[in-house]
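Worksheet: one structure, shown below.
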Amino acid sequence: MTAITDLGLAGLRDGFRAGDFSAREIADAFNGAVAGAKALNAFIIETPDHATAAAEAADRARAAGELLPLSGVPLGIKDLFCTAGHQTTAASHMLGGFTPTYESTVTGKLFAAGAGMLGKLNLDQFAMGSSNETSAYGNVVSPWRRNDGGNAPLAPGGSSGGSSSAIAARIVPAATGTDTGGSIRQPAAFTGIAGIKPTYGRCSRFGIVAFASSLDQAGAMAQDVRDSAILLEAMSGFDPKDSTSLDVAVPKWEANLSSDLKGKKVGIPKEYRVDNMPAEIDALWRQGIEWLRDAGAEIVDVSLPHTRYALPTYYIIAPAEASSNLARYDGVRYGLRDLPEGANLQEMYAATRAAGFGPEVKRRILIGTYVLSAGYYDAYYTKAQKVRALIARDFEEAFRQVDVLLTPTAPSAAFALGEKSADPLEMYLNDVFTVPASLAGVPAMSVPAGLDGQGLPLGLQIIGRPLDEQGVLNAGLAIEQRAGFTAKPQNWWAK
Amino acid sequence: MSVDAATVRKIASLARIAVTDGDVEAMVPELNNILGWIEQLGEVDTDGVAPLAAVIPNHQRLRDDVVTDGNIRDKVLANAPQAEHGFFAVPKVIE
Numbered sequence: 126m127t128a129i130t131d132l133g134l135a136g137l138r139d140g141f142r143a144g145d146f147s148a149r150e151i152a153d154a155f156n157g158a159v160a161g162a163k164a165l166n167a168f169i170i171e172t173p174d175h176a177t178a179a180a181e182a183a184d185r186a187r188a189a190g191e192l193l194p195l196s197g198v199p200l201g202i203k204d205l206f207c208t209a210g211h212q213t214t215a216a217s218h219m220l221g222g223f224t225p226t227y228e229s230t231v232t233g234k235l236f237a238a239g240a241g242m243l244g245k246l247n248l249d250q251f252a253m254g255s256s257n258e259t260s261a262y263g264n265v266v267s268p269w270r271r272n273d274g275g276n277a278p279l280a281p282g283g284s285s286g287g288s289s290s291a292i293a294a295r296i297v298p299a300a301t302g303t304d305t306g307g308s309i310r311q312p313a314a315f316t317g318i319a320g321i322k323p324t325y326g327r328c329s330r331f332g333i334v335a336f337a338s339s340l341d342q343a344g345a346m347a348q349d350v351r352d353s354a355i356l357l358e359a360m361s362g363f364d365p366k367d368s369t370s371l372d373v374a375v376p377k378w379e380a381n382l383s384s385d386l387k388g389k390k391v392g393i394p395k396e397y398r399v400d401n402m403p404a405e406i407d408a409l410w411r412q413g414i415e416w417l418r419d420a421g422a423e424i425v426d427v428s429l430p431h432t433r434y435a436l437p438t439y440y441i442i443a444p445a446e447a448s449s450n451l452a453r454y455d456g457v458r459y460g461l462r463d464l465p466e467g468a469n470l471q472e473m474y475a476a477t478r479a480a481g482f483g484p485e486v487k488r489r490i491l492i493g494t495y496v497l498s499a500g501y502y503d504a505y506y507t508k509a510q511k512v513r514a515l516i517a518r519d520f521e522e523a524f525r526q527v528d529v530l531l532t533p534t535a536p537s538a539a540f541a542l543g544e545k546s547a548d549p550l551e552m553y554l555n556d557v558f559t560v561p562a563s564l565a566g567v568p569a570m571s572v573p574a575g576l577d578g579q580g581l582p583l584g585l586q587i588i589g590r591p592l593d594e595q596g597v598l599n600a601g602l603a604i605e606q607r608a609g610f611t612a613k614p615q616n617w618w619a620k
Numbered sequence: 021m022s023v024d025a026a027t028v029r030k031i032a033s034l035a036r037i038a039v040t041d042g043d044v045e046a047m048v049p050e051l052n053n054i055l056g057w058i059e060q061l062g063e064v065d066t067d068g069v070a071p072l073a074a075v076i077p078n079h080q081r082l083r084d085d086v087v088t089d090g091n092i093r094d095k096v097l098a099n100a101p102q103a104e105h106g107f108f109a110v111p112k113v114i115e
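So the protein sequences, as listed, match chains C and F.
The first sequence lines up with residues 126 to 620 when you count with our numbering.
The second sequence lines up with residues 21 to 115 when you count with our numbering.
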């Protein structure tokens with residue numbers, strides 16, 4: 126029999142409903158797996174009591190015949206989501222010990238749907254990073270290792286690296302993530318799991334520690350496409366507390382999953398064929414095209430002419446919004462306060478922010494402050510907003526011809542921790558394929574599609590029309606079924 | 021354009037982040053490198069293009085002008101580094 130911790134979200138839900146095991150057994154199995162996987166550093170805090178309490182409630186609900194959509198399922202929660210009564214730090218020293226008195230809308234929905242929480246997952250500090258090397262609580266380690274015998278610790282991707290590492294290691298069945306420029310999709314690709322960023326506005330941003338408000342969007346990370354659909358359905362929906370929340374119904378994504386792509390057109394954007402892309406990624410992309418053709422889709426070459434400007438546009442807009450959003454961390458209302466002897470208010474702000482933010486966060490705040498400052502606002506910020514309009518228009522025009530786009534998720538497989546952290550610009554280039562969809566606000570997902578020569582996972586990305594998460598999930602399912610990705614990391618971390 | 025040490029000090033001051041001489045020295049080349057790379061946007065012809073603010077069309081919603089919460093002072097102050105007499109406390113601002 127398959128171990129409980131190997132069953133995905135759907136397997137746990139259905140097995141629990143069928144009476145194969147109790148919710149308490151599920152919670153105990155995962156709490157044990159989490160406690161035994163400290164070597165991954167995937168969690169900032171563990172919350173076994175929350176998972177156990179939800180499991181006991183689920184067992185009572187089953188006995189009473191009152192099952193909820195996620196009854197019996199424990200989840201990992203990225204530590205960017207405020208959870209009432211449980212520390213929320215955004216992996217920062219600034220918010221060390223911060224215990225929200227309110228619940229984020231997304232976690233509120235998940236708990237109301239019956240889910241329990243195994244703990245708060247580590248991430249790049251304030252979600253700024255692509256490798257999980259900027260957390261104030263130490264690097265997350267990927268469960269994967271290269272097959273060269275060197276055992277170099279690898280990056281799980283970022284910023285949702287605690288989520289991706291924990292799912293790949295099977296210490297959580299599924300987890301929340303957030304994606305500002307690829308923070309769900311790139312870590313999913315690095316660790317051989319599925320992850321979907323829905324249309325901007327699908328999931329409420331209320332109670333999620335803000336990074337770049339016009340880009341931030343919560344999403345689902347899980348072992349496979351079906352589990353992603355189930356989790357996303359439970360997370361999505363209109364929220365009057367978020368003025369950018371979309372007042373549209375949440376479709377039944379899981380029930381409508383279909384890998385039959387007859388009549389669908391899949392666009393292949395030529396601008397994603399970048400210089401220096403490893404041959405293995407190019408080959409996988411070609412393989413993906415064949416898989417979608419096999420599923421019945423027609424393949425169409427398309428052009429997104431402003432693709433190469435997406436990354437520099439992003440690195441103006443995201444830091445600009447971050448510098449504004451992170452102004453709230455000043456040592457007055459919550460979080461760290463550093464008050465040097467005899468300091469005045471201004472000096473307290475400056476000392477607090479110097480002590481509370483890590484180097485990458487400071488770097489982005491300074492860039493953002495610079496591009497928004499008098500004299501440079503139009504040259505940088507307004508210019509970037511205009512280029513963003515052109516990038517969004519590229520997608521609109523492509524989606525007049527095709528239903529979804531297929532691209533690689535990341536320009537490389539997972540790199541070793543420390544390998545790219547010396548050069549911020551080189552790190553930023555890791556998001557080259559994920560950032561354009563973020564700027565356009567369209568849904569996009571990564572599905573595991575193969576292994577490279579070093580035995581590391583590679584992902585393919587599907588990008589869809591606004592609000593067409595179903596089209597994205599369906600194309601993802603078609604790839605998943607044909608890729609037959611079953612590789613798992615060797616368990617070296619368990620005690 | 022090129023960022024020098026004085027500019028880094030100025031933006032750090034605007035951003036309310038204390039910096040040491042060592043910080044400034046490290047940040048000058050880093051910020052120049054990133055800003056130099058961003059300069060490539062100058063190549064893009066954006067004449068007549070309206071800046072994009074809202075990425076997915078959405079309406080500004082107005083709610084009824086009524087109080088929807090309140091009386092949660094203790095919750096608001098629960099995470100304050102220093103709270104006194106029901107207020108956030110800060111160093112003296114006015115002599």
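Even for Gly, the Cβ is constructed at its ideal location relative to N, Cα and C.
- Under DSSP, F/Phe107 forms a beta bridge with F/Glu104.
- C/Asp455 belongs to the set of residues whose beta carbon lies under 8 angstroms from a beta carbon in chain F.
- In this structure, C/Ala277 keeps its C-beta atom at 8 angstroms or more from the C-beta atom of C/Ser288.
- Under DSSP, C/Met242 forms a beta bridge with C/Leu200.
- By alpha-carbon distance to C/Ala619, the top candidate from C/Asn166, C/Ser498, C/Ser329 and C/Arg138 is C/Asn166.
- Of the candidates C/Lys234, C/Pro199 and C/Gly233, the residue whose Cα lies closest to the Cα of C/Met242 is C/Pro199.
- Non-local C-beta neighbours of C/Val375 in its own chain, meaning closer than 7 angstroms and more than five positions away in sequence, comprise Glu358, Ser361 and Gly362, ordered along the chain.
- Under DSSP, F/Val28 takes part in no beta bridge, so it has no partner.
- By the neighbour-count criterion, in which 16 or more other beta carbons inside 10 Å mark a residue as buried, C/Glu379 falls on the buried side.
- A Cβ-Cβ distance of about 4 angstroms is found for the pair C/Ala148 and C/Gly197, placing them in contact under the 8 angstroms criterion.
- Between C/Leu382 and C/Asn555, the gap from beta carbon to beta carbon reaches 8 angstroms or more.
- Secondary structure note for C/Ile321: its beta strand (DSSP E) is the uninterrupted segment Ala319 to Lys322.
- The segment 324-339 of chain C makes contact with the segment 583-597 of chain C; the number of CB pairs closer than 8 angstroms reaches 3 or more.
- DSSP places C/Asp556 in the helix class (H, G or I) of the three-state scheme.
- 8 angstroms or more divides the Cβ of C/Ser571 from the Cβ of C/Arg295.
- If the five residues before and after C/Glu551 are omitted, its C-beta is found closer than 8 angstroms to the C-beta atoms of Lys545, all from its own chain and listed in chain order.
- Distances from the alpha-carbon of F/Arg83 to those of C/Lys366, C/Thr438 and C/Leu581 put C/Lys366 closest.
- The Cβ atoms of C/Leu279 and C/Ser267 sit closer than 8 angstroms to each other.
- Under DSSP, C/Ala569 takes part in a beta bridge, and its partners are C/Lys322 and C/Ile588.
- For the pair C/Ala164 and C/Thr130, the CB atoms are not nearer than the 8 angstroms cut-off.
- Look at the segment 54-68 of chain F: the residues with a C-beta under 7 angstroms from a C-beta of chain C are Ile54, Trp57, Ile58, Gln60, Leu61, Val64 and Thr66.
- Around F/Val44, no beta-carbon contact reaches into chain C at under 8 angstroms, the shortest distance being about 10 angstroms.
- Inter-residue distance for F/Pro49 and F/Asp43 is about 11 angstroms (C-alpha atoms, whole angstroms).
- Judged by their CB atoms, C/Ala447 and C/Phe336 are nearer to each other than the 8 angstroms cut-off.
- Close to chain F, meaning a Cβ-Cβ distance shorter than 7 angstroms, are the following residues of the segment 322-341 of chain C: Thr324, Tyr325, Gly326 and Ser339.
- DSSP places C/Thr494 in the uninterrupted alpha helix (DSSP H) bounded by Pro484 to Leu497.
- Going by DSSP, F/Lys95 is part of the alpha helix (DSSP H) stretching over Arg93 to Leu97.
- The alpha-carbon separation between C/Ile442 and C/Val560 amounts to approximately 12 angstroms.
- Straight through space, the alpha carbons of C/Ala313 and C/Lys322 are spaced by roughly 11 angstroms.
- Of all residues in the segment 584-598 of chain C, those with a C-beta nearer than 7 angstroms to a C-beta of chain F are Pro591, reading in chain order.
- Secondary-structure assignment with DSSP links C/Ala541 through a beta bridge to C/Leu279.
- Rounded to whole angstroms, C/Thr177 and C/Glu150 show a C-alpha spacing of 9 angstroms.
- Secondary structure at C/Pro194: coil, using DSSP grouped into helix, strand and coil.
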